[in-house]
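Participant:
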Amino acid sequence: MSPITSEQGYEVVWPSGRSAATALRANGSVPDLSGKTVGYVWDYLFRGDEMFTAVSELIRSRYQDVTFLGPEVFGNIHGADAEERDSLEKLPARLREYGVDVAVVAVGA
């Protein structure tokens, strides 16, 4: 069998190429969740509803007076359609509006 040759060229992308992302400074951790508001943000994939229940139980066992806001407050952030893209765009304002101190973001596989 003869080798296949072609005059057509292909652009090569190197996986260790130059990064286009800018570095972000992380916020400090919240040492005590007592009296805080936790917002659950989800893309409605995988098993976020189960995870949020487990996380809530763990937090409640350790801290007093924690308020939880479910993902229905923030909308679906998957981003596949116009409504989801709108939810993602409005997310920062909604987090501020509801006084969220800590967000748990679940993105399904």
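Okay, so the sequence shown: first residue is 155 according to our numbering, each after it adds one.
Just so it is clear, CB atoms sit at the ideal spot from N, CA and C, and this is done for glycine as well.
All values derive from a computational prediction rather than experimental measurement.
1) Between Val220 and chain B, is any beta-carbon pair separated by less than 8 Å?
2) Kindly identify the DSSP beta-bridge partner or partners of Val258.
3) Below 8 Å between beta carbons: does that hold for Leu249 and Gly193?
4) Contact between the region 205-212 and the region 172-186: three or more CB pairs below 8 Å?
5) By the 10 Å Cβ neighbour count, where 16 or more other Cβ atoms means buried, how is Ala260 classified, buried or exposed?
6) Per DSSP, Thr221 is paired with what?
7) Give me the residue from Val167, Leu187, Val227, Glu251 with the minimum Cα distance to Tyr217.
8) Look at the Cβ atom of Val184, then the Cβ atom of Leu245, and state whether they are nearer than 8 Å.
Facilitator: By the coordinates alone:
1) Chain labels in this structure do not include chain B; a single protein chain is all it has.
2) One-based indexing of the sequence shown puts residue 258 at position 104. Bridge partners of Val258: Tyr194.
3) The sequence position of residue 249 within the sequence shown is 95, counting from 1. The sequence position of residue 193 within the sequence shown is 39, counting from 1. Yes, they are a contact pair.
4) Contact fails: fewer than three Cβ-Cβ distances are below 8 Å.
5) To locate residue 260, count along the sequence shown from 1; it is residue 106. Ala260 comes out buried.
6) Along the sequence shown, one-based indexing puts residue 221 at 67. Answer is Thr191, bridged to Thr221.
7) Walking along the sequence shown from the start, residue 217 turns up at place 63. Of Val167, Leu187, Val227, Glu251, the residue nearest in Cα terms is Leu187.
8) Position 30 of the sequence shown, counted from the first residue, corresponds to residue 184. Position 91 of the sequence shown, counted from the first residue, corresponds to residue 245. Result no, Cβ atoms of Val184 and Leu245 do not sit closer than 8 Å.
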